[in-house]
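For reference, the structure discussed in these notes is given below.
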Amino acid sequence: MLCPFGRDHGRYPIYTTADELSAQGLSCVELWLPEGKRIACAEEISDSPHRLFLTRQIVIASGFAAPLLGINVKKLSDEELEKISKEYRLVHLTFL
């Protein structure tokens, strides 16, 4: 049985198949990680009120990738980061 957690950590009903999840607008994905394969629910959260904060944290956590592209996210204002990242999509993954 699959029991994903939704936005704001509210519980969804328990579903038995990925098709049932999909019917409710939830996307089930398989991630291939170094420690093995994991199943997760993917939910787009690009419209989150915390979007800018989350984007900044993700770019910081990217390590060398942002500076390699000429982005010093620690020095960017919120307005500059918003301009650079307005096309970025944020996806929240919850492991099942």
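The sequence shown begins at 1 in the working numbering and counts up by one.
C-beta: ideal position from N, C-alpha, C; glycine also.
CA-CA distance, glutamate 35 to glycine 63, rounds to 21 Å. With a threshold of 16 other beta carbon atoms within 10 Å, serine 85 meets it and is buried.
Serine 27 and serine 77 have their alpha carbons spaced roughly 33 Å apart.
For a cut-off of 8 Å, the C-beta gap from arginine 56 to leucine 90 is around 11 Å, too long to register as a contact. Beta-bridge partners assigned by DSSP to histidine 50: none are found. Beyond the five residues adjoining it in sequence on each side, glutamate 43 comes within less than 6 Å, by CB distance, of His92 in the same chain, given in chain order. In the DSSP assignment, glutamate 44 falls outside any alpha helix (DSSP H) and lies within the beta strand (DSSP E) extending over 36-44.
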